[in-house]
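Protein chains in written order, with the working numbering: chain A, 1 to 330; chain B, 331 to 660. We put the beta carbon where it would ideally sit given N, CA and C, even for glycine. For clarity, every value in this text was computed on a predicted model and none was experimentally measured.
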Ligand SMILES: [Ca+2]
Ligand SMILES: [Ca+2]
């Protein structure tokens, strides 16, 4: 009698094929592509180096703290000699996606932006020349610039190029919402999904769309109802000199917005719930219920992505000829 | 004719057995043993968290920057509201080896020390109660303290315990000089070796000895000749109230001294070369030649060890109930 043939071995269940969502006004963040790792490493050191400031105390990371979502979580920044800044510090995370830099877009890109704070009396309080003199006095920096730029001397152009290259790596992929966009339906909760649906149906995506959910246009703060603030910033019109641009600000990214409190250019909203309430009212003329507000907030928190992951950089020591920091006195 | 037997396969050369140096007044740094990794991770976050300060801007790492040898490389520190500190900030690297903390030894250990700066009006400008209230309002901290301490509430004792546990990991093994001590004769140069010999024969090791080359006694600044300074610090006598202790300071470690410029409690020496010159004169009544000075400096630079290596910590976000930082105003 012939043996019964062995039961077929069950194939391991195929990994479910994810069906990416289509037709959404929001797209997932891609992991950064690093073209020149040595340049990025140099820029990272510069970003963390307080010797780019007059005091020797303030670095880019002081106000764009990468342990805290790339901002300082203060209403307005603390600059050289504790000077109170005029405006809330935006995150550097995903800032490479912005159509321009600063709330009013006055710098066209990250490289142009990076020169600003070093020489700003209320931020790092230094000059480009002095910053370059400091770097040029530090042998390990001279070597590193030489390796990266094939040039013997450091200049501010190379400094800002390297900082910008580092900043371009500061993108935050893998937010739970992005996993959902890529087809993993379990990645967000029912409340978060309801929040997203409301975010779209209410009209938030008119301004907060694309990969960064913002960063790609200047919009009036107070499109429907005026926004009340004591902050004197006039917005985009300061750049264009066009009165029609008064009180237009670059729409901020909502990526990692959970981490970048307080909100708005004047930090007028301490909490995300307050920011959503204000946006509904003054941009769309809508008043959300408590539950609606909570759902939108929940959705916004699903936008927190992987934070930049790297070792604390080690800065090369000054040499005997490095100009001394001047924290006090004039 | 019989084939000649194959030549015996040469055994790989045995790794040379290193003969550790014996009878030296200096011993190598051992890698830290971490008893409780979760506690260390919590302490690391707290060390980097500016929310332990009134302003929300100053963390332990502001003045003990682990990108810069664990100090701020300023003559005197910048504290809350840019207040000028009274004394040079010592490194936190290898500070666990100190017989006591602070220049005058007024804190018996790292745990006792860590409570100081939080409540010091000129440093972090906060109170222990407010710092704890802030932490208690941050859900991820509450969870982490619970996991580490098996307790539902945070208190300052737990905060300083965790910070101290992190600081205990901040030791710097594998300096080239330590490799030499362990028997690798090629690890240091002829000049560095000559500098070490002179360091011993001149009498520096009377005070700078042991694993840390310092940190284990209080000694008169100006043992042979008085030290001239405008800094009002009276040293150890502030603690003992004994006039015989006037102008005694804790001998600082010379580990990583290349990174911890400027030197002395009053930062009176900007360079290592100047510090060595002054030490020779006022502690030993010796004037070194230019070459001798250079050799000692070279030796001191061979004491730079592996800097703590870890990922930039990510801090848990504040919640809607977290008290706001108060950088400005009273
Ligand atoms: Ca903000
Ligand atoms: Ca020092």
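- Between the beta-carbon of residue 53 of chain A and that of residue 126 of chain A there is about 5 Å, and that keeps the pair under the 8 Å contact cut.
- Cβ proximity to chain A below 8 Å picks out 392, 395, 396, 397, 398 and 399 from the region 389–401 of chain B.
- Not one heavy atom of ligand 1 lies closer than 7 Å to the C-beta of residue 16 of chain A.
- Distances from the alpha-carbon of residue 533 of chain B to those of B/482, B/541 and B/615 put B/615 closest.
- Here residue 444 of chain B is near residue 490 of chain B, since their CB atoms are less than 8 Å apart.
- The C-beta of residue 307 of chain A comes closer than 8 Å to at least one C-beta of chain B.
- Under DSSP, the beta-bridge partners assigned to residue 401 of chain B are B/395.
- Here residue 91 of chain A is actually not in contact with residue 105 of chain A; their C-beta atoms are around 16 Å apart, not less than 8 Å.
- Residue 183 of chain A sits exposed, since fewer than 16 C-beta atoms from the chains shown fall within 10 Å of its C-beta.
- Inter-segment contact for the region 305–321 of chain A and the region 38–47 of chain A is present: three or more beta-carbon pairs are separated by less than 8 Å.
- In this structure, the straight-line span from the alpha carbon of residue 507 of chain B to that of residue 629 of chain B is close to 8 Å.
- In this structure, DSSP gives residue 83 of chain A a state outside helix and strand, which the three-state scheme calls coil.
- The secondary-structure analysis by DSSP pairs residue 461 of chain B with nothing; it has no beta-bridge partner.
- Residue pairing of residue 356 of chain B in beta bridges, as defined by DSSP: B/540.
- Per DSSP, residue 640 of chain B lies in no beta strand (DSSP E) segment and is marked neither H nor E.
- For residue 580 of chain B, the enclosing beta strand (DSSP E) has its first and last residue at 578–580.
- Residue 641 of chain B belongs to the set of residues whose beta carbon lies under 8 Å from a beta carbon in chain A.
- The way I'd put it, the region 618–627 of chain B doesn't touch the region 567–582 of chain B; fewer than three beta-carbon pairs between them come closer than 8 Å.
- The beta-carbon separation of residue 498 of chain B and residue 362 of chain B, rounded to 6 Å, stays under the 8 Å limit for a contact.
- Cβ contact annotation for residue 40 of chain A (same chain, cutoff 7 Å, sequence separation greater than five): 34, 165, 166 and 169, in chain order.
- Chain-ordered, the chain A residues with CB closer than 8 Å to the CB of residue 601 of chain B read 320.
- Note on residue 190 of chain A: under 16 other CB atoms within 10 angstroms of its CB, so exposed under the neighbour-count rule.
- Taking C-beta separations shorter than 7 Å and ignoring five residues to either side along the sequence, the partners of residue 61 of chain A in its chain run 47 and 48, following chain order.
- Per DSSP, the unbroken alpha helix (DSSP H) holding residue 629 of chain B starts and ends at 620–631.
- Residue 419 of chain B has its CB no nearer than 7 Å to any heavy atom of ligand 1.
- For residue 220 of chain A, the enclosing beta strand (DSSP E) has its first and last residue at 218–220.
- In this structure, the CA atom of residue 97 of chain A is about 13 Å from the CA atom of residue 107 of chain A.
- A check of alpha carbon separations from residue 63 of chain A across B/396, B/393, B/416 and B/386 identifies B/386 as the nearest.
- Per DSSP, the beta-bridge partners of residue 431 of chain B are B/437.
- Not a single C-beta of chain B is nearer than 8 Å to the C-beta of residue 113 of chain A.
- Residue 157 of chain A counts as exposed, since fewer than 16 other beta carbons sit within 10 angstroms of its beta carbon.
- Residue 648 of chain B places its beta carbon less than 8 Å from that of residue 468 of chain B.
- When DSSP reads this structure, residue 599 of chain B sits in a beta bridge with B/593.
- Taking a contact as a CB-CB distance under 8 Å, the pair residue 357 of chain B and residue 540 of chain B counts as one, their CB atoms being some 7 Å apart.
- Taking the CA atoms as reference points, residue 623 of chain B sits about 20 Å from residue 553 of chain B.
- In the DSSP assignment, residue 367 of chain B falls within the unbroken alpha helix (DSSP H) covering 367–378.
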